[in-house]
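Colleague: With the first letter of the sequence shown counted as 1, position 146 gets the number 146 in full-length UniProt numbering; the numbers rise by one all the way through.
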Amino acid sequence: MLSAYTGSSVRAAESPLLEAGLGDELMQRAAHGLAQAAAGELSATGGTYGRSVVVLAGSGNNGGDALYAGARLQQRGTGTTAVLTSERVHAPALAAFCAAGGRVVALSDSTLDSAAARVSAADLILDGILGTGGVGGLRGLAAALIERVNARGTVGTVVACDVPSGVNADTGEATGHLLSADLTITFGALKSGLLIGAGARAAGRVATIDIGLGETLPEPDLYSLEPADFRHLYAQPQPADHKYSRGVLGIAAGSAMYPGAAVLATGAALATGVGMIRFLGPERVTALINTVHPEVVCSQGSVSDSHVQAWLVGPGATEDPGQRQRAREAISSGLPTIVDAGALPLLPDTVGAHVILTPHAGELAALFERRGDAVDRTAIEADPAGFARRAAQATGATVLLKGYTTVVAASTGETFVQANATPWLATAGSGDTLAGILGALVATHAANATNNDAGSLPGVPPPARWAVLAAAGALLHGLAGRRAAKRGPIVVSGLPRHIGRVIHDLLQDPPSTQPQ
Ligand SMILES: NC(=O)C1=CN([C@@H]2O[C@H](COP(=O)(O)OP(=O)(O)OC[C@H]3O[C@@H](n4cnc5c(N)ncnc54)[C@H](O)[C@@H]3O)[C@@H](O)[C@H]2O)[C@@H](O)CC1
Ligand SMILES: Nc1ncnc2c1ncn2[C@@H]1O[C@H](COP(=O)(O)OP(=O)(O)O)[C@@H](O)[C@H]1O
Ligand SMILES: [K+]
């Protein structure tokens, strides 16, 4: 499991070390790690000697890191040019860079175009314009330079120093022009802004360099499950199990208008592995489920008459009065319940953490609006962790907010971010499969909850266990999507096949499925 920290908390952790006079030492460690990583990138594409490197250096310590790293690369035989984006610059780092033989270009209106051409053509670019001290997006000449570079494109590898410049290291928000990185080398601790939102999209691969902050770091701000965590969270069937002991999932999904959502959610739950599914819905939908998934036990009955360990309600169930009634009963049943799509508007004021909401940004905006708290969808998309937390705190539920990165917030504040998905999953029905996966994970966990602690990870407090399971569901869904997308556009009805294969791989030791 990865732990991430806000840029502000890493700065706070640095401050006693800076006061103790260790600032230069920390910067040298950062620059050493950055230069090593950059040299690794060059080596992988033909070596360091004679290669062209551009250092983009802003006014602060981020520019200092990049200039010191540039000096080290120059000493290893690269031809290195520093483009200074501000009149102020970290003076000792610039002196070291010049002493190593680096060339310097001060950015001005008259050098903008030639500098942009140089950046675009470089074999490697070190982006040290702004780090954790950045406030808002890039401005002025730096913004104009990146706009021109993006218009031209880059031929080389972009390595961001700490964060892609202009990304908010706390929230991942970014406004204005950004240079997307292939690799981000972050210092001291993984920053939250690299896991989420625009920051996650711009960061590329992320590696953390230890600069010795260790004990001074606070509690993490965000967590992210890794593939290796999955097998600790998945309830594998045991020899003594039978279909009832493994966990029975109740699904009330689909309607005469949207029967397909029920088929997709049920198929994904079956593929995830569960003792049994009891499906409730109108006759037209149960007939379809019986045909497509004959192993599912279907009826037109009620929630109170169905013996299950967990419920999934809402996919495709928007206008059907019977399904809405079942959703209401499931939500108040006291059993763990996934509340998706058409069931979200039926939520009472407050619920427990065992109720897991699965909105996308639009549905979350509507949820806030129903509670008299008008929030714009775009605001939610810009700060998904902040709004998922706000929703979890307001409702008491566990909130899984879908998107490019999926955020899961526990009502107690612990927050998981999973960036395992692929944009190919942005296709109708893919949310229904996520709901099915979550239903199966929760039902099998609930069945075992009294005698094992599947769903708890060392370091994550027990109240967040529903959030951990939901994050495991997002991880599985994302990896299944990636696996499916290797063969072209995703057809959602074919996703269950990939879900099964990904689970098989994740249960190996070590897991053979890694995010790409
Ligand atoms: N302090 C240290 O010893 C260490 C610092 N580290 C580096 O230091 C960075 C933080 O350094 P700083 O606090 O100097 O911050 P930055 O290097 O992010 O730069 C902040 C400066 O940029 C200017 N600025 C802020 N927002 C701007 C904007 N939108 N457009 C243009 N200019 C803007 C401000 O004048 C501010 O002084 C980290 O990201 C990391 O790279 C690491 O080397 C670890 C050790
Ligand atoms: N751009 C994207 N990149 C990665 N995953 C995405 C993207 N867009 C959507 N997804 C994922 O696809 C699913 C879509 O769910 P949803 O919007 O509810 O679709 P539907 O209701 O049509 O099934 C979610 O799991 C979401 O995280
Ligand atoms: K940077």
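We treat Cβ as the ideally placed atom computed from N, Cα and C, and that holds for glycine.
Taking DSSP as the reference, what is the three-state secondary structure of L335?
Modeller: coil
Colleague: Quick check: the stretch 266-274 against the stretch 213-225, are at least 3 beta-carbon pairs closer than 8 Å?
Modeller: no
Colleague: Is it the case that the CB of C98 approaches a heavy atom of ligand 1 more closely than 7 Å?
Modeller: no
Colleague: In this structure, what does DSSP give as the bridge partners for residue 520?
Modeller: This structure gives no information on residue 520, because the portion of the chain shown stretches from 1 to 516.
Colleague: According to DSSP, is K191 helix, strand or coil?
Modeller: strand
Colleague: Pick out the complete beta strand (DSSP E) segments inside the stretch 295-353, 3 residues or longer, and give them in chain order.
Modeller: 297-299, 310-313, 337-339
Colleague: According to DSSP, is M276 part of a helix, a strand, or is it coil?
Modeller: Correct three-state label for M276: strand.
Colleague: Measure the alpha-carbon distance for V292 versus P496 and round it to whole angstroms.
Modeller: 13 Å
Colleague: Between the Cα of T427 and the Cα atoms of P259, G23, H360, G413, which residue gives the shortest distance?
Modeller: H360
Colleague: If I measure Cβ to Cβ from D241 and keep anything under 6 Å in the same chain, skipping five residues before and after, which residues do I get?
Modeller: none
Colleague: Spatial neighbours of A39 within its chain, please: CB distance less than 7 Å, with the 5 preceding and 5 following residues excluded, ordered by chain position.
Modeller: T48, L73, R76
Colleague: Tell me whether R205 sits in a helix, a strand or coil according to DSSP, three-state version.
Modeller: strand
Colleague: At a cut of 8 Å, does the stretch 181-191 reach the stretch 430-442 through at least three beta carbon pairs?
Modeller: no
Colleague: When you compare the CB of T175 with every CB in chain B, is at least one pair closer than 8 Å?
Modeller: Going by chain labels, chain B is absent from the structure shown, which holds only one protein chain.
Colleague: Got a sec: does ligand 1 put a non-hydrogen atom nearer than 7 Å to the Cβ of A30?
Modeller: yes
Colleague: Looking at the strands, I want to know which residues DSSP matches up with R184.
Modeller: Looking at the sequence itself, residue 184 is Thr, so the reference to Arg does not match. DSSP output for T184 lists A160, V206 as bridge partner(s).
Colleague: Out of G136, L233, A169, which one is the CA nearest neighbour of L469?
Modeller: L233
Colleague: Assign T132 to one of two classes, buried (16 or more other C-beta atoms within 10 Å of its C-beta) or exposed (fewer than that).
Modeller: buried
Colleague: Under 8 Å between the Cβ atoms of F230 and A13?
Modeller: No, they are not a contact pair.
Colleague: Tell me the rounded alpha-carbon separation between Y223 and A410.
Modeller: Spanning the two alpha carbons is a distance of roughly 12 Å.
Colleague: Which full runs of the alpha helix (DSSP H) of 4+ residues lie inside the stretch 419-501, going along the chain?
Modeller: Within the stretch 419-501, the complete alpha helix (DSSP H) runs of at least 4 residues are 430-448, 465-485.
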